[in-house]
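Inspection log for the structure reproduced underneath, given as structure tokens.
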Amino acid sequence: MNEVNRVNGMNGMNGALALARRDIRLAFRSAGDSLLGVIFFLVSLSLFPLGVGASADVLARIGSGVIWVLALLAVLLTLDRLYESDLDDGSLELLALSGLPLEIVVVIKCAVHWLTSGLLLVLVSPLLAILMSLPADALWALPLALLLGTPTLTLVGSIGSALLLGSRQGSVLTALLVLPLYIPVLIFGVSAVDGAILGLGAKAPFLILAAMQLAALALAPFATAAGLRLAME
Amino acid sequence: MLPLEASDLALGRNGRILFDNLAFELAPGDGLLLTGPNGSGKSSLLRLLAGFIRPHAGEIRLDGRPVDPSSSDFRSQLHFIGHANAIKGRLTVRENLEFMTRLAGGGTGHATDPFAIADLFERQGRFLSAGQRRRLALSRLLSAPRPLWLLDEPGVGLDRASIDRLQRAIRDHRAAGGIVIAASHGDVALEQHLVLELGR
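Chains as they are written, first to last, in the numbering used here: chain V, 6 to 238; chain Z, 46 to 245.
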């Protein structure tokens, strides 16, 4: 019996690695889709200096809030490719039958999604801080806040996109369902950045962002997997 | 694989009863052919046995013990070929097959090529014809040995030679003690099989 469990465990490990490799490969093959979020982020952010004027005070005041709002939207924009294509082409059934728990499948798919959405936002964010003429402290505070916050956005979004799989207005409804749930991340993300910029101490909001990420990591896989099971009925 | 039995199975979809009091008993080596008109519940029965749909009543037993078809223990003993082929258009045939094989826990070395797809290995999935896609999907039946095969219209889009290959694969699988349950409109023939007619 132990032997059987060990073999199953190794198969599971093997399958999990295979899935991660396949999803990363797919993300590279359709780089246009993968970069959609970060390109949207860059383009729409560059509209703000044009829209509200290039005055450094105004930009610095609204900067962290605008960057966070656009980060939410950028992640939202890329959510529908999380499970939809896998449901349509039957890959989701294949994954369900592999013996790999669906919860693990969800964690892997979310991790790959974050690598191709949230992580890119983190990497370009110092540039955006300069664009919005944020003070020097934002150069570390903004990427750190996004690093803690964007995985939560992916995980919470994953619940929404799994629940609305197969519904015709999927992506619009996902936005309506998920955006209200993003509000806590927005609030603490902005207060972390502002706290660091204004020298008010930002430890508490950073810790809360981290706590939200852990909670989402613990709960979202189960909720998402339940949604996926319903979608396959 | 031990004897697979189902008793008193009942299933309704969209407020309509597809079947009730359905029962069968299959021993190793048996083949069960599901027949019946469109919409009679052939696919639903196969999806039920693969654990995607829960029956409204009845139970499935493996070696006399009730099993939950959606458990990973049961699922890791079966191959399910549904309507969708689970092929990624952006990946080559080799990459698709490698993924299916590793996911099913099979070895990566591919000695045999039962559905003659080796010529297509470097082609991307989106450039395959319907029949070629089906052959790639069927290849996963032999990528890892699993005793129970659930086949939903496996012959769709296949040419004569490929259907022969499929029938040979089914025959070999049953000769080795495997069980095959297939829904088909007659394009794929099983030998000495049992028939379950749905939708009467």
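The beta-carbon is built from N, C-alpha and C at its ideal position, and this holds for glycine as well.
- Between the alpha carbons of V201/Z and R120/Z lies a gap of roughly 24 Å.
- Across the structure, F172/Z and R178/Z are spaced so that their CA atoms are roughly 9 Å apart.
- Using a Cβ distance threshold of 8 Å, D108/Z and P48/Z count as a contacting pair.
- One alpha carbon belongs to L97/V, the other to D91/V, and they sit about 5 Å apart.
- At a cut-off of 8 Å between beta-carbon atoms, I132/Z makes contact with chain V.
- Under the 8 Å criterion on CB atoms, A23/V is classed as interfacial with respect to chain Z.
- Contact check for T229/V against A167/V passes: the beta carbons are separated by less than 8 Å.
- Exposure of M18/V is indicated by the presence of fewer than 16 other C-beta atoms within 10 angstroms of its C-beta.
- Here L55/V is exposed. Its C-beta has fewer than 16 other C-beta atoms within 10 Å.
- Between the C-alpha atoms of A182/Z and S49/V there is a straight-line separation of about 43 Å.
- When C-beta atoms of the segment 98-108 of chain Z are compared with those of the segment 55-74 of chain Z, three or more pairs fall below 8 Å, so the two segments count as touching.
- Residues of the segment 72-99 of chain V that bring their beta carbon within less than 7 Å of a beta carbon in chain Z comprise D94, G95, S96, E98 and L99, in sequence order.
- At a cut-off of 8 Å between beta carbons, I98/Z contacts chain V.
- Excluding residues up to 5 positions away in sequence, V43 lie with their Cβ nearer than 6 Å to the Cβ of L125/V in the same chain.
- Spanning the alpha carbons of M137/V and H124/Z requires a straight line of approximately 55 Å.
- No Cβ of chain Z is located within less than 8 Å of the beta carbon of M217/V.
- Contact between V190/V and G154/V holds: their C-beta atoms lie close to 5 Å from each other, under 8 Å.
- Per DSSP, the continuous beta strand (DSSP E) segment holding I105/Z begins and ends at A102 to L107.
- Here L139/V has A65 and G68 as same chain residues with Cβ atoms under 6 Å from its own Cβ, once five neighbours each way along the sequence are excluded.
- A straight line joining the alpha-carbon of E108/V with that of P226/V spans about 5 Å.
- Assigned with DSSP and collapsed to three states, G70/V falls in helix.
- Contact check for S122/V and L151/V: beta-carbon distance about 11 Å, past the 8 Å limit, so the pair fails to qualify.
- Counting only runs of 3 or more residues that sit fully inside the segment 138-199 of chain Z, the beta strand (DSSP E) segments are 193-197, in chain order.
- Exclusion of the five residues before and after L81/V leaves A180 as the residues of its chain whose Cβ lies within less than 6 Å of its Cβ.
- Apart from sequence neighbours up to five positions away, the residues of its chain that approach L165/Z with a beta-carbon distance below 8 Å are V138, L173, Q177 and L181, ordered along the chain.
- Rounded to the nearest whole angstrom, the C-alpha separation of L94/Z and P114/Z is 6 Å.
- Shown in chain order are the members of the segment 98-125 of chain V whose Cβ falls below 8 Å from a Cβ of chain Z: E98, L99, L100, A101, L102, S103, G104, L105 and P106.
- When the Cα atoms are used, E70/Z and N141/Z turn out to be separated by approximately 35 Å.
- Counting the other CB atoms within 10 Å of its CB gives E238/V a total below 16, which places it among the exposed residues.
- In terms of CA proximity to L47/V, A76/V leads the group A76/V, A21/V, V57/V and V111/V.
- Close to F144/Z, with beta-carbon spacing below 7 Å, are these residues of chain V in chain order: A23 and R27.
- Listed in chain order, the non-local C-beta contacts of A149/Z below 8 Å within the same chain comprise H124, R185, S188, A189 and R191, local neighbours out to five positions each way being set aside.
- Positions of the alpha helix (DSSP H) runs, each at least 4 residues long and wholly inside the segment 79-114 of chain V, are given as 89-93 and 96-102 in order along the chain.
- Neighbours of R205/Z in chain V, taken as residues at a C-beta separation under 7 Å, are lacking, since the least C-beta distance is about 25 Å.
- Distance between I105/Z and V233/Z, taken at the CA atoms: about 26 Å.
- A residue is called buried when at least 16 other Cβ atoms come within 10 angstroms of its Cβ; V117/V meets this threshold and is buried.
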